[in-house]
Amino acid sequence: MGSWYINRTFFFDVHPPLGKMLIGLAGYVTGYDGTFAFDKPGDKYDNVSYIGMRVFCTALGATIVPMSFLAVDEMTHSVTAAVFASMLILFDVGLITLTQYILLDPLLLCFLMGSILGAIKVSSDYTKEFTLRWYGWLIFTGLMLSCCISVKFVGLFAVILVGLITMTDLWKILGDLSRPVTVTLKHLIARAICLIFWPILLYVTFFYIHLAVLNRSGNGDGFYSSAFQSQLIGNSLHNASMPHLVAYGAIVTLKNHRTGGGYLHSHYHLYPEGIGARQQQITTYTHKDDNNKWIVYKYNTDDVKGITTLRSGDLVRFVHLPTKRNLHSHKEQAPITKKHFQVTGYGEVKHSFKWMLFFCSMVAFQNGTGDANDIWRVSIIGGSDGTEVTTVSSKIRLIHYLQSCALTSTGKQLPKWGYEQQEVSCNPNLRDANAIWNVEENFFDKLPNVSFKVYAPSFFERFLESHAVMFQGNAGLKPKEGEVTSRPWQWPINYRGQFFSGSTYRIYLLGNPVIWWGNLVFLVIFVIVFVTKAIKQQRGNVQELTGLHKRHLEACTLMFLAWSLHYVPFWAMGRVLYFHHYFPALLFNSMLTGILFDYLLDSIPIFFPKKISSTIYHTMVALFLASVTYSFLMFASLAYGMTGPSATEPNSTMFGLRWLDSWEF
1 MGSWYINRTF FFDVHPPLGK MLIGLAGYVT GYDGTFAFDK PGDKYDNVSY IGMRVFCTAL
61 GATIVPMSFL AVDEMTHSVT AAVFASMLIL FDVGLITLTQ YILLDPLLLC FLMGSILGAI
121 KVSSDYTKEF TLRWYGWLIF TGLMLSCCIS VKFVGLFAVI LVGLITMTDL WKILGDLSRP
181 VTVTLKHLIA RAICLIFWPI LLYVTFFYIH LAVLNRSGNG DGFYSSAFQS QLIGNSLHNA
241 SMPHLVAYGA IVTLKNHRTG GGYLHSHYHL YPEGIGARQQ QITTYTHKDD NNKWIVYKYN
301 TDDVKGITTL RSGDLVRFVH LPTKRNLHSH KEQAPITKKH FQVTGYGEVK HSFKWMLFFC
361 SMVAFQNGTG DANDIWRVSI IGGSDGTEVT TVSSKIRLIH YLQSCALTST GKQLPKWGYE
421 QQEVSCNPNL RDANAIWNVE ENFFDKLPNV SFKVYAPSFF ERFLESHAVM FQGNAGLKPK
481 EGEVTSRPWQ WPINYRGQFF SGSTYRIYLL GNPVIWWGNL VFLVIFVIVF VTKAIKQQRG
541 NVQELTGLHK RHLEACTLMF LAWSLHYVPF WAMGRVLYFH HYFPALLFNS MLTGILFDYL
601 LDSIPIFFPK KISSTIYHTM VALFLASVTY SFLMFASLAY GMTGPSATEP NSTMFGLRWL
661 DSWEF
């Protein structure tokens, strides 16, 4: 994708553009020319200047450690807690693996940590309000928030977290009776400008740059509307020259009008046994392809004499150009949407037909190679019968003549037998919003080609359409057949990692078990400590917490909330999930562990004599440092030994990672 930015080639992705733009920019300024294919992991980088992109991602990933140190230090005023928390992040092999490659995750984690650091600095008692330094941190927080959500939509959780921190601050300021209400209003205005309007402005600017740079046609065109495509250089609709009217005998492509809708498509493969009638598959496909082309014929003949334009109300047949099969539907259940009828490719077009007309107007081919289920009625949205169908601009429904159902793209992905393309069905509900189509390409020699500009959408229309396509793409990311995915319950316990490679170079993303399992233990300890303190304080059985203990518990509470926000929502998501989705939550869990560990160390003298407590304190610290360091060294040596030249067995990489041969500079 960085290459496509350098080549200005349009593409589709389910994530916002900033991360890819920055990677492309890093490659461009360090001499990468955008020509390497990046087909699969392990490809040799012969004469490819890839190092700039690798260093850029790794450098941003490396900032996570000092920013976590500063954030914890600001919350707790304890260098010990800050050191513990940042060491847990520093020594996690999973984070090291995730941040050393050309991925979006290092950028996301960097901007996420920057957002939290900025919000904590703004809320700190040590940052005097309405000073230049205070405004600087406020603007920095808004910048990081905008960058975070502009890399991946999960940045929305960071926006919510900072919003909760901000509302808590405003509530405290409002409750301070020693300060006038105008101070609260000034805070509200300053934060609204810097944390709402400023990030929105940046977010829109990033998309403006994205759409301005990617001005050439690419493989992502088909996900977008015909009007959107008309703005891309090299697209068939850019400065289009084709017949304005659609005539019988024309070769056309039909694009579903729903956002992200594909082209009506067929291929030689049949539906498998048990999936309705075993006839030719009809799907929608989001990429331009010769298998998207159809010939428009009158319902009762394929003879094209003269020029007869297609009109609303006409009965037609659509013949698939490569396979010569008719677009067909019948009373069989659709493959996935069982309340709809199946749509297939059926029959074989002949140059002469002998028709039999029945009293019910049923039409059949002479030799049984086609029947009346191949007939469709064209209906223009908002047009009366007799209105001519025009290229691109006419929105049409195709109503099945016998079944009285509308040709529909459900948007549901077919299994592997359908090449994971999208289901096409015939919906008895004729008002289905997904049953609207338009003719995009129109080839007919007998009509003159005219140069006409498709309606050019404004930037904000393209901006909104881009988001609709991304949201739809995210919703459609379902687990593929045979794909190894993971569930949220597996992540905190480090149950299963994630392969980052093919069969030759083995890179396995897995966390440090000592750190991950220790984090879980400290999550439980925090809940116990928090509930115990709350009950005792409510019952009056405990004195008011000291400043140090109060700060530590408040910081732990904030980190627990941050962990929950970045982990719990995944339980409700239906899209495909991977192990790397847990790493934002891991950062907050590690920070919570470091803070709570320091809190427990500070609480030791309360329960033990001075000499014993000193011994316990130093023993706990030594065990902490030894376990973290040992686990890092163990994983590093295991990674080197298990993925070295002698590691040929597939199982030898279960706990290792591979440093690519080309990562030697």
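So for the sequence shown, UniProt numbering puts the first residue at 1; every next one is plus one.
Even for Gly, the Cβ is constructed at its ideal location relative to N, Cα and C.
Just so it is clear, the structure is predicted and the values come from calculations on it, not from any experiment.
Under DSSP, residue 508 forms a beta bridge with 499. In terms of CA proximity to residue 487, 572 leads the group 537, 572, 217, 602. Using a Cβ distance threshold of 9 Å, residue 318 and residue 376 count as a contacting pair. Going by beta carbons, residue 107 and residue 18 fall inside the 9 Å limit. Restricted to the segment 203–250, the alpha helix (DSSP H) segments that are unbroken, complete and at least 4 residues in length are 226–229, listed in chain order. Looking only at 305, 334, 287, 313, the smallest Cα-Cα distance to residue 277 is reached by 334. For residue 401, there is no enclosing alpha helix (DSSP H), since its DSSP letter is neither H nor E. Using a 10 angstroms sphere on the CB of residue 233, the tally of other CB atoms stays under 16, which defines it as exposed.
Here residue 373 carries a helix assignment [DSSP, helix/strand/coil].
Between residue 269 and residue 285, the C-beta spacing is not below 9 Å.
Annotation: the continuous beta strand (DSSP E) that includes residue 327 extends over 326–333. In this structure, DSSP gives residue 487 a state outside helix and strand, which the three-state scheme calls coil.
Classified as buried, residue 81 has 16 or more neighbouring CB atoms from the shown chains inside 10 Å of its CB. Within the model, the alpha-carbon separation for residue 75 versus residue 598 is close to 13 Å. Judged by their CB atoms, residue 624 and residue 105 are not nearer to each other than the 9 Å cut-off. Residue 85 is not bridged by DSSP to any residue. Per DSSP, residue 8 lies in no alpha helix (DSSP H) and is assigned neither H nor E. For residue 465, no beta strand (DSSP E) segment is defined; the enclosing uninterrupted segment is the alpha helix (DSSP H) at 459–475.
Here residue 252 has 246, 294, 296, 439, 441, 442 as same chain residues with Cβ atoms under 7 Å from its own Cβ, once five neighbours each way along the sequence are excluded. Here the alpha carbon of residue 529 sits roughly 60 Å from the alpha carbon of residue 231. When the beta-carbon positions are compared, residue 328 and residue 373 come within less than 9 Å of each other. When the Cα atoms are used, residue 238 and residue 456 turn out to be separated by approximately 10 Å.
Annotation for residue 262: 222, 256, 284, 285, 286, 409, 422 place their beta carbon closer than 7 Å to its own, counting only its chain and skipping 5 residues before and after. Taking a 10 Å sphere around the C-beta of residue 242, we find 16 or more other C-beta atoms and assign the residue as buried. For residue 411, the three-state secondary structure derived from DSSP is strand.
In the structure shown, the three-state DSSP call for residue 379 is strand.
Exposure of residue 384 is indicated by the presence of fewer than 16 other C-beta atoms within 10 angstroms of its C-beta. The distance from the Cβ of residue 595 to that of residue 552 is about 6 Å, consistent with a contact at the 8 Å cut-off. By the Cβ neighbour-count rule, residue 515 is buried, with 16 or more other Cβ atoms within 10 Å of its own.
Pairing residue 4 with residue 218 gives a Cβ-Cβ distance under 9 Å. Judged by beta-carbon spacing, residue 576 lies beyond the 9 Å limit of residue 416, meaning their Cβ atoms are not closer than that value.
Excluding its 5 nearest sequence neighbours in each direction, residue 236 has C-beta neighbours in its own chain below 7 Å: 441, listed in chain order. Annotation: residue 69 to residue 176 spans about 30 Å, alpha carbon to alpha carbon. Going by beta carbons, residue 24 and residue 34 fall inside the 9 Å limit. As computed with DSSP, residue 406 is found in a beta bridge with 399, 427. By a beta-carbon distance limit of 8 Å, residue 589 does not contact residue 494. Their separation comes to about 12 Å.
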